[in-house]
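In the UniProt record's numbering, the protein residues as written are 1 to 466. Glycine included, every Cβ here is placed at the ideal spot set by N, Cα and C. On a predicted model such as this, the values are computed, not experimentally measured, just so you know. Here's the structure, in structure tokens; my notes come after.
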Ligand SMILES: *[C@@H]1O[C@H](CO)[C@@H](O)[C@H](O)[C@H]1NC(C)=O
Ligand SMILES: *[C@@H]1O[C@H](CO)[C@@H](O)[C@H](O)[C@H]1NC(C)=O
């Protein structure tokens, strides 16, 4: 027995001495990085964020990673509110306590919050935690269970820094449609931007007249939409998508400041009642039908607007409808974005020079498989013709093609434009056309290949035209 204790004590003594020795060695090491002034380290931390808006609660990245390296870095990270002001939390990654800590560490800096939770109890605690910080909300994006919205206690809170709010519903099978819920936000003098998903009967009461940018996703009908828009007299940018059948309506509405408008054409048209005298950019999506071309024509005539950019998408558009739509906007449009139109139809529509005679920028976005050799040939013909049209027509200045192969494969030579097609495109670039050809696809991961680029600007426009 005595030996057992003796041996144990001996071993403890040996290990303690060993630990002491390692500690002394370790203390003697000078880490140059730790001799930096804390302000410099802070600056380095801030630059670690890259271009991502949000920071997420993962120990493998962001502030949590920086805070686990050593005591000194931890202290610096914890006391750098800028690192904590853009939390993005969701139901899987998150504990409510961590979220609270994150918000506390943001000090009083403007908060950009993204919160996504389908767990009602968790979402409710998180909302409660973030409401305590409502005085420094700047941009909040909530995707929460439907049942939670009517209970948000925001009515008496004040939001002196709030500029943008995004509200989405996470709908679950068993949830009841709420008919008497109201989300009220007052005291938000800087609020200009709202992005609202389907709110299934929950009414939203926010300072509409201040808004300059509004997105209404999957709004139920045109009548409700118009009622709401009547209060939004300052809107500059509007995105609306409507689903469901819409009863006929006789209302009309002028939005005097609106410059950019994007809508779908699912049921009856929101374009019918609208007059937009300042409109510059128009986007239409989804099943464009023959009657829509007439509505579009009347809308353009009535609005008498300085429209110069049109974005149009929809795979099922009939060739004559496409032509009619393009004729309706032909007088002014110089910038055309097309998404998902069948190549042959699009090229046939663009062939007559009376259609869009002032076309300067053409961006084509194909998402459904490879373009055939014939498609490339037709495309080259159209570009060629529009590069040197007979006067008084304008000539094409920029052309972007983004072609997504989908899941079938990528960077296979078979999918690329042929050598002779590439030679033609290069010749266009040499002649001064700004041109960008991008091929994208997915095999294991999504990747893109830029086949030719004589203008990065064009691509920027393509990536975020609206
Ligand atoms: C809001 O957050 C959701 C989920 O993170 C995201 O998918 C969506 O794009 C965000 N919306 C806006 C307008 O930022
Ligand atoms: C908001 O304030 C008013 C008056 O100050 C009060 O009557 C009301 O109950 C408050 N509402 C909430 C939800 O706290």
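Can you tell me the Cα-Cα spacing of residue i and residue j, whole angstroms?
i: residue 332; j: residue 230; result: 28 Å
i: residue 96; j: residue 55; result: 16 Å
i: residue 283; j: residue 350; result: 18 Å
i: residue 464; j: residue 366; result: Confidence is the limiting factor: at residue 464 the pLDDT is only 38, short of 50, which leaves the residue's position unreliable, though a coordinate-based value still follows. So the two alpha carbons sit approximately 16 Å from each other.
i: residue 309; j: residue 257; result: 17 Å
i: residue 423; j: residue 313; result: 29 Å
i: residue 476; j: residue 114; result: No information on residue 476 is available, as it lies outside the stretch 1 to 466 that the chain covers here.
i: residue 187; j: residue 59; result: 37 Å
i: residue 358; j: residue 193; result: 33 Å
i: residue 234; j: residue 228; result: 13 Å
i: residue 439; j: residue 418; result: 13 Å
i: residue 211; j: residue 232; result: 6 Å
i: residue 286; j: residue 125; result: 39 Å
i: residue 162; j: residue 205; result: 15 Å
i: residue 288; j: residue 207; result: 33 Å
i: residue 277; j: residue 297; result: 14 Å
i: residue 16; j: residue 69; result: 25 Å
i: residue 130; j: residue 335; result: 43 Å
i: residue 371; j: residue 433; result: 21 Å
i: residue 388; j: residue 322; result: 24 Å
i: residue 252; j: residue 326; result: 24 Å
i: residue 76; j: residue 43; result: 10 Å
i: residue 324; j: residue 290; result: 8 Å
i: residue 452; j: residue 381; result: 18 Å
i: residue 19; j: residue 152; result: 55 Å
i: residue 78; j: residue 171; result: 36 Å
i: residue 147; j: residue 269; result: 31 Å
i: residue 202; j: residue 145; result: 12 Å
i: residue 40; j: residue 134; result: 31 Å
i: residue 38; j: residue 71; result: 13 Å
i: residue 294; j: residue 318; result: 14 Å
Look up residue i in the DSSP assignment and say whether it is helix, strand or coil.
i: residue 319; result: helix
i: residue 376; result: helix
i: residue 184; result: strand
i: residue 203; result: strand
i: residue 233; result: coil
i: residue 159; result: coil
i: residue 468; result: Nothing about residue 468 can be read from this structure; the chain reaches only from 1 to 466.
i: residue 116; result: strand
i: residue 17; result: helix
i: residue 420; result: helix
i: residue 352; result: coil
i: residue 6; result: helix
i: residue 74; result: helix
i: residue 302; result: helix
i: residue 280; result: coil
i: residue 425; result: helix
i: residue 337; result: strand
i: residue 548; result: Since the first residue of the chain shown is 1 and the last is 466, residue 548 is not available in this structure.
i: residue 370; result: coil
i: residue 68; result: coil
i: residue 243; result: coil
i: residue 384; result: helix
i: residue 363; result: strand
i: residue 30; result: coil
i: residue 225; result: helix
i: residue 263; result: strand
i: residue 49; result: coil
i: residue 397; result: coil
i: residue 330; result: coil
i: residue 308; result: coil
i: residue 134; result: helix
Going by CA-CA distance only, name the one from the options that's closest to residue i.
i: residue 320; options: 303, 234, 236 and 347; result: 347
i: residue 141; options: 155, 135 and 112; result: 112
i: residue 167; options: 16, 182 and 237; result: 182
i: residue 157; options: 137, 147, 143 and 144; result: 137
i: residue 316; options: 196, 340, 362 and 189; result: 340
i: residue 416; options: 364, 300, 373 and 435; result: 373
i: residue 160; options: 149, 189 and 304; result: 189
i: residue 165; options: 185, 147, 171 and 74; result: 185
i: residue 85; options: 72, 107, 73 and 94; result: 107
i: residue 221; options: 213, 242 and 238; result: 242
i: residue 143; options: 196, 5 and 109; result: 196
i: residue 436; options: 34, 26, 364 and 378; result: 364
i: residue 52; options: 87, 217 and 301; result: 87
Collect the residues with a C-beta less than 6 Å away from any heavy atom of ligand 1 and give them in sequence order along the chain. Those residues, listed in chain order, are 114, 116, 141, 143, 166 and 195.
For the segment 41-50 against the segment 8-19, are there 3 or more C-beta pairs whose distance is under 8 Å? At 8 Å Cβ cutoff, the stretches do not touch.
Are the segment 115-131 and the segment 58-78 in contact at 8 Å, needing three or more beta carbon pairs? No: the two stretches stay apart, fewer than three of their Cβ pairs being nearer than 8 Å.
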